[in-house]
Each structure stands twice: as C-alpha cells, then as structure tokens.
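Undergrad: Following this message is one structure expressed as structure tokens.
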C-alpha cells in the first residue's frame with residue numbers, strides 16, 4: 037500500500053512542478069494602424085498644417101487672398117523680394 041501512495045505523491049508532484057514552471061503567456065499586441073501608415077499620416081498632417089498656416093498668414097494677417105498662397109507666382113514674388121534685400 038505504501039508504494040501506491042508514493043506513486044500518487046510523485047504524480048502530483050510532477051503536475052504541480054510542471055504548472056509552476058510554465059511561463060505566463062505574453063499577449064501579442066495588434067496595432068490598428070501600422071507604423072508605416074502612421075509615418076505617412078504624420079507627413080500629410082504636417083503638410084496640411086504648413087499650408088493652413090501659410091494661408092492664414094498670407095490671407096488673414098496679411099492683405100492677400102488665402103488661396104493666392106497656393107499659386108507659384110506668389111512664391112516667386114516672395115523669393116524675388118528676399119533676394120533683392122540680400123544684395
């Protein structure tokens with residue numbers, strides 16, 4: 037009878053040791069927006085913020101029309117003014 041109790045004890049010991057040695061399962065993080073898409077979105081938002089800032093600065097603070105800031109002739113005029121003052 038003592039051999040049966042030893043066998044049961046060994047089996048129970050093995051199952052408890054195996055349960056204690058198991059590592060906790062790590063959760064896998066699933067990103068809703070991938071990193072490459074985040075970078076593209078940040079660049080797009082940066083460009084939109086720069087355009088909106090230029091429109092506010094040129095149209096609201098300055099005396100021009102906000103849409104004129106998108107025309108290449110406006111930027112050429114600004115570049116000419118800057119280069120003329122440096123000479």
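Numbering (our numbering), first residue to last: 37 to 123.
Ideal Cβ placement from N, Cα and C applies to all residues, glycine included.
Bear in mind the structure is a predicted one, so any value in this text is a computation, not a measurement.
Using 8 angstroms for Cβ pairs, my map puts residue 85 next to residue 105. What's the rounded Cβ distance?
TA: Residue 85 to residue 105, Cβ: 14 angstroms. No contact.
Undergrad: What number of angstroms, rounded off, separates the C-alpha of residue 98 from the C-alpha of residue 62?
TA: Rounded to whole angstroms, the separation of the alpha carbons of residue 62 and residue 98 is 57 angstroms.
Undergrad: To the nearest angstrom, how far is the alpha carbon of residue 118 from that of residue 111?
TA: 11 angstroms
Undergrad: I need the DSSP call for residue 104, collapsed to helix, strand or coil.
TA: helix
Undergrad: Answer yes or no: do residue 101 and residue 93 have a C-beta to C-beta separation smaller than 7 angstroms?
TA: Cβ distance not < 7 angstroms, so residue 101 and residue 93 don't count as in contact.
Undergrad: Rounded to a whole number of angstroms, what is the C-alpha to C-alpha distance between residue 42 and residue 69?
TA: 57 angstroms
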